Amino acid sequence: MAVLRFIVPLLWLSATLRAAPAERESRWKDDRLACASCHEEIVKAFRPTPHGKAMEFGSAAKDVTCASCHTGDLAKHMETADPTLVNNPAKIKPQAATENCLGCHESQKHMMFWRGSEHQSAGLGCTSCHSVHKPAADGKLLAKKTQYETCLSCHTNVRKAMLQRSTHLFRDERGASRMQCSSCHNPHGAQTEKLISANSINDKCYACHQEKRGPFLWEHAPVRENCLTCHTPHGSNNEQLLTLRRPQLCQTCHIQGRHQTVAGRPNAMMNINRSCQNCHTQVHGTNHPSGPILMR
Amino acid sequence: MKKLLLFAVLISILTSADTAWAQASGSGRELQPQMSIEVGAGIRSIDGEKTFGFQQYRVVPPGGFVRSLNFNHLADGNPIRFDFRATDLFQRDQRFTANLEDVGRQKLEFEWWSFSRYWTNRNPSVLSEVAYGRFAVSAGLRQSLEAAPDNAALEALARDAVQNSPQIEIRSFRERKILDYTYNFTDSLALRLNYLHDQRRGNRLMAQGAYSRIGVALGDTFETPGQEVFEPTRYGTNEFGVDLNFSRKKLFAGFGYRASLFNNSVGSLIWQNPFRITPAQATQPAGALLRGRFAETQVALPPDNQAHTLTGSLMVLLPYSSKASALVSWGRWTQNEAFLPITLNTAITANNLPSGVTPTSLAALPRSSLKGLIHNLTQDYAATTRPFRMLQLTFRYNDYDLKNLTEGILFPAYAGYGDSWWRTSISGQPGTANLPIESEPKSFHRQRAQFESAFRPVRDLTWKSAYRWERWNRERRQVSHLTEHGLLTSLSYAPSKVFFTQAGFRYFDRKPDAYDPGTLEPSFLRMFDQAQRLRKQGDALVSVNVRPDVTLSASWFYLHDTYDKTYYGLHQQLSNSLSADATFSLGENASMYAGWGYDRAGYDYLSVAKTSFPYSFANSWSRDTRDRVHSAHFGLSGAAINGKLSYQLNYASTLARMIINTVNPNQVVPNQVLNAQAFPFPDVKNQFHEVRLEGSYEIRPRVRLGMYYLLEPYRLGDFAKDVVSPYDPGSIAPEFDARRYLFLDTGPTNYTGNMIAFYLRYNLF
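Chain order of the listed sequences is A and B.
Count along the first sequence from 1, add 1472, and you get the number used in our numbering.
Count along the second sequence from 1, add 707, and you get the number used in our numbering.
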């Protein structure tokens, strides 16, 4: 019944808004209709899309028209029907096409770091990933069906992560993704390395793993500084997205002179199951007064 | 029945809502509502000993299901947009989104999803959960195990108890609801309100153990008392956010506040020792300690915490395609959960507590809670300009300053040796004083600056070069100051949309100002996160449309970190990957893809086993791990009979092998053979295959009948897990007496999963 608890108010609100008199004037007028006289199917399909709605009811000051993106000599194009007189953003280089998009989208928060970002300076642009007229999926107007398909077409070395022993690229029984690339990354540029959309890598991790934020009485310094000291975020052949299996991971930093220095047989207690974490379970920090060596 | 009723109500609401809207519009505008439902039924079969892996991150339901319910309302000539999407309704991994927008004025977005994480199934446990956070063992079992006359009797009793224990499954669930509302006061000024509720329930794995050193013939041998338990998770997080954003054509300014309040309603886990009913202190027979002698012990679970963040951002567009951006964020994180007592073991005696105060008393604590406080200041600045058409210059500065303002607390002792001994200090290295039991809140400050140029000497060719500087200042760690300099360069060439290639190289040199090993670790060890490091990184990518219907692409990545090999610790880290992909268009209605990838990761480190202080370097041993993954994928999809028939076949696999080599070329000190000798480790193998087949046919307009099939065999061979069973101390190396360690049989998962389902997809409008 929880479904209804949330959906019913939403539907009620939407019906109320929809029933309200449409006070707002549509700007879907002559110039758009002029384009429709030749490109009828395209214009008809475009009108109810987010961009179409923005053109019709969005900012009057911006007054977006077909010509906002399809720049060129429109008057002559309408006389001669010569397609070369008008730019088609889908057919020119993404970086050039992007300039049109930025006219509206650059002053948005998520685009703050676009110029100079890894993707922009690598020559990518909006049309590298998005399609205004022919999106393969609703929502973010992606040219491919899913974010995974979009991102992994270039970041091919991440694809295997879906099929590894531990992964963040969760998929359901039909192969649909349960976590998106954009859950952690902002492909339009971000303040943190690897386009992480948070103040730091750890801050991004705390967005879902809030219990690890602390502060704790006893902390493990590398954990506080960077989760990626021990974890690899996409997928791993080890448990728990670890970069290296235990005890090797722990032994790269700890000798100390007691049991952790053991090379040992493969079935030694220090090497089996969770290894060091068979006892030192609280490696992310603990609040127990008896936890200085992160056991409780 | 309840689900069916709910589903019917949902459908009727959606359809009636749409009718209401249609009537309300009234003005002859064209309405374009779309609604689709996919329902079906399937069967699944999962073969194998530990089958939880098939549902590790998902729910695969047997029987009927409602895969999707989608509703779009897009009316021409009306500024209202509404869409609703639901996936896997009534399952424990269901998902809903709803968006309602009055274009240009206000927008309401709602998201609700749940997620299931299956840790393991079929685990016998002598523990029973009598309340959240409290596990009990039958008093009779504890009495008989404590009174066992000898090891053989103890083993027989424990084995029998485990075999007759009920089996539990360990699974956790997460549910998240997000409500996001944006109101545009004007074209330039917008207010955004955001609420998030995150909830986690269920159990996950945890272990508690201690080692008891027993003998020194071929090396230390250990008795290992311990218990693998299932930690209860009862987490809840509430987050509230408010943002005020101002944007003009060449300006963006924003100010925001966000509060994140984490709550754990089970603050600790108390469990009874299956092997003891009488609490006792650790004893010291024959030069060793027998540990883990508590009757009941307590583990701290994550404490409640709070985070408040203020963020200001500014972006200005300037002439010459220039832009300046700044983002400043200040955070305050707090945690003040009441401390637990040092121990619940009433047998432990202490000689440094005030008269009348026992180790189990809260009065033994110097403070009742941490009063934890962290201040966190982030500053990000970026400026970019294009003074000439062929040149783009970018400067970025990132500053992350985390100040842990929590006061250090000096405790009289902690309960060590498996909660059985009053330890008043932590032993340091020889020649150093023991460390007091004092918390040391650690702070750090990271600064990073990068200056980058992108130069286009000719059209289609871009040469990027950059210099990066990074500085770390840390408190109370081995390295206080660390500086890294880096050079980055790359070349990309994109003469047309059908050809793109890029290659890059990065070189980083990181040096600490000084390394203070402290007293806990030996002076010859360097921790890799603070040590001197040389990093070389390369990458290349090429993508070409060899014909209009064929695209080929390949990529290569390489990373090599090297550390000073005159020290112990990590010596090198290596990773590289190679992949190749091809896509083919088979006419207008079909396409095919194929790909292959190879990844390799390696870690080499040097360590040493101790006999007695000082270290005997004959006990030095090195270990390298080589992790290799071959992956392949292939797919075919298309449509026929004028789009009435659609089909899709996908195959993917990964074959992973990890090789672990341990080497000790020295004559091992006789009493350290068990610890310092290089025993061979078996390879760890991980094989995953996935076959997906889907087809659907439009049996009449707006109605599709479909079928999908999934075959997923998974095999994992991991020596570290293969030897672990709930109670089989004989499988553990003989130098460990594991008769007092109870595992939960937590892995590995090996299964062959099959599922086939038929569905009906119906577009109502």
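We put the CB at the ideal spot given by N, CA and C, even for glycine.
Since the model is a prediction, treat every value here as computed from it, not as a measurement.
Chain B contact residues for residue i, given Cβ-Cβ distances below 9 Å
i, result
"A:N1745", "A914, E935, A1427, K1428, V1430, V1431, F1450, T1453, G1454"
"A:A1526", "V810, G811"
"A:A1508", "In chain order: nothing, as chain B lies at least about 12 Å away."
"A:H1760", "S975, Q1005, V1006, A1007, F1046, L1047, I1049, Y1121"
"A:Q1712", "Simply none; closest approach about 10 Å."
Contacts of residue i in chain A (Cβ-Cβ under 7 Å)
i, result
"B:I1144", "P1764"
"B:V1315", "I1727, T1733"
"B:D1334", "N1709"
"B:V949", "Those within 7 Å of B:V949 in chain A number zero; the least Cβ separation is about 14 Å."
"B:D1288", "T1628"
Contact set for residue i: own chain, Cβ-Cβ below 6 Å, skip 5 residues either direction
i, result
"B:E882", "S821, Q906"
"B:S1028", "R1093"
"B:R1233", "Y1274, G1276"
"A:S1600", "P1566"
"A:H1549", "L1557, V1558"
Of the residues the options, the one placed nearest residue i, counting alpha carbons only
i, options, result
"B:E1044", "A:P1761, A:I1765, A:C1507", "A:P1761"
"A:P1561", "A:L1713, A:S1589, A:V1604", "A:V1604"
"B:P1010", "B:N980, B:V1336, B:L968", "B:L968"
"B:E1401", "B:Y1305, B:A1445, B:N1058, B:F1465", "B:F1465"
"B:R1213", "B:P1224, B:M1234, B:Y1174", "B:Y1174"
"B:S972", "B:G999, B:Y942, B:Y964", "B:Y942"
"B:I877", "B:R824, B:L1285, B:P1061", "B:R824"
"B:E1419", "B:E1145, B:I1463, B:R1183, B:A960", "B:I1463"
"B:D1256", "B:L1293, B:L1195, B:L1060", "B:L1293"
"B:H1082", "B:L1449, B:S919, B:F1118, B:K1110", "B:K1110"
"B:Q798", "B:P769, B:P1202, B:R788", "B:P769"
Secondary structure of residue i, DSSP reduced to three states
i, result
"B:A1057", "coil"
"B:L1198", "strand"
"B:G1138", "coil"
"A:T1570", "helix"
"A:M1668", "A small correction: the amino acid at residue 1668 of chain A is Ile; Met does not occupy that position in the sequence shown. Strand."
"B:L1025", "strand"
"B:Y888", "strand"
"A:L1766", "coil"
"A:K1616", "coil"
Contact list for residue i against chain A, beta-carbon separation under 8 Å
i, result
"B:A1385", "A1735"
"B:T1091", "R1587, G1588"
Residue burial classification, residue i (beta-carbon count within 10 angstroms, cutoff 16)
i, result
"B:S1132", "exposed"
"B:H1188", "exposed"
"B:A1507", "Given a span of 708 to 1472 for chain B in the structure shown, any question on residue 1507 of chain B remains unanswerable."
"A:C1510", "exposed"
"B:E1228", "buried"
"B:I1348", "exposed"
"B:F1508", "A question about residue 1508 of chain B goes unanswered here, because the residues of chain B that appear run from 708 up to 1472."
"B:L1192", "For clarity, residue 1192 of chain B is His in the given sequence; the question names Leu instead. So B:H1192 counts as exposed."
"A:N1629", "buried"
"A:F1585", "buried"
Interface residues of chain B facing residue i [CB-CB closer than 7 Å]
i, result
"A:E1512", "Near A:E1512 there are no residues of chain B at all, since even the closest Cβ is about 14 Å away, more than 7 Å."
"A:R1646", "Y1415"
"A:Q1663", "L1034, D1087, N1105"
"A:Q1723", "Y1312, S1314"
Sequence-distant residues of the same chain with beta carbon closer than 7 Å to residue i, five excluded per side
i, result
"A:E1691", "G1757"
"B:S752", "N1461"
"B:V1165", "none"
"A:A1526", "V1536"
"B:G755", "N1457, Y1458, T1459"
Proximity test, residue i beta-carbon vs the ligand FMN heavy atom, cut-off 7 Å
i, result
"B:D809", "No copy of the ligand FMN occurs in the structure displayed, which carries no ligand at all."
Beta-carbon neighbours of residue i, restricted to chain B and to distances below 8 Å
i, result
"A:C1751", "A914, Q915, G916, A917, Y918, G933"
Other residues of its chain near residue i: CB distance less than 8 Å, five sequence neighbours each side excluded
i, result
"A:P1694", "T1701, C1702, C1725"
"B:P1321", "P1137"
"B:I1406", "L1412"
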